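Chemist: The sequence shown stops at residue 172 when you use the numbering used here, and every number in between is there.
Even for Gly, the Cβ is constructed at its ideal location relative to N, Cα and C.
From a predicted model like this one, the values you see are computed outputs, not experimental measurements.
After the structure tokens below, expect a handful of questions from me.
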Amino acid sequence: MKAYHFETRMEVRDYECDIEGIVNNAQYIHYCEHTRHLFLKQCGLSFAEMHQKGVDAVVARMQLQYKSPLRPDDEFVSRLRLEKEGIKYVFYQDIFRAADEQLCFRGKIELVCLVNGRLAPSPDYDRAFEKYIQES
């Protein structure tokens, strides 16, 4: 795995777990989305402000791998790396249990931009991500 561009720490909350006592699989998608939004802030952009400008980054495709479950009160580290493939922004996102760095989740999330409702490149996103983007 290439170097990560961003990471954040979070903690599992009881209500995120299912009857089996492990984090429900859908929660990992929420963790990844929250990580991307924090990364966007670090890059100087607001998801809400971009929407107001008519630019929406939307998920086009996800590949998800569940490796090892998280449980209530587990702290974890959510990490991402960004690449660009044509018009797509590709986020490679991994979640590790903080206590032992056990890989719990791996995702490849592809986003595209809709500018005023049409698929198009976003100069704002390109500028914000330019130091991270690696054209493939």
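Below 8 Å on the Cβ atoms is my guess for Leu-106 versus Arg-133; work out the distance and round it to an integer in Å.
Modeler: Sure, about 6 Å apart at Cβ, within 8 Å.
Chemist: As a quick exercise: from Ile-58, Glu-52, Glu-69, pick the residue whose alpha carbon is nearest that of Tyr-128.
Modeler: Nearest to Tyr-128 by C-alpha distance, out of Ile-58, Glu-52, Glu-69, is Glu-69.
Chemist: Buried or exposed for Ser-158, going by 16 or more other Cβ atoms inside 10 Å?
Modeler: buried
Chemist: Using C-beta distances below 6 Å, list every residue in its chain close to Leu-100, excluding the 5 sequence neighbours before and after it, in chain order.
Modeler: Gly-143
Chemist: Taking the Cβ atom as the reference point for each residue, do Val-94 and Leu-147 lie within a distance shorter than 8 Å?
Modeler: The criterion of a C-beta distance shorter than 8 Å is satisfied by Val-94 and Leu-147.
Chemist: Looking only at its chain, what residues have a beta carbon closer than 7 Å to the beta carbon of Cys-79, apart from the 5 residues adjacent to it on each side?
Modeler: Ala-164, Phe-165
Chemist: Should His-66 go down as buried or exposed, given a rule of 16 or more other Cβ atoms within 10 Å for buried?
Modeler: Taking all protein chains in view, the Cβ of His-66 is surrounded by fewer than 16 other Cβ atoms within 10 Å, so the residue is classified as exposed.
Chemist: Does the beta carbon of Gly-153 come closer than 8 Å to any beta carbon on chain C?
Modeler: Checking the listed chains, one finds no chain C in this structure; it contains a single protein chain.
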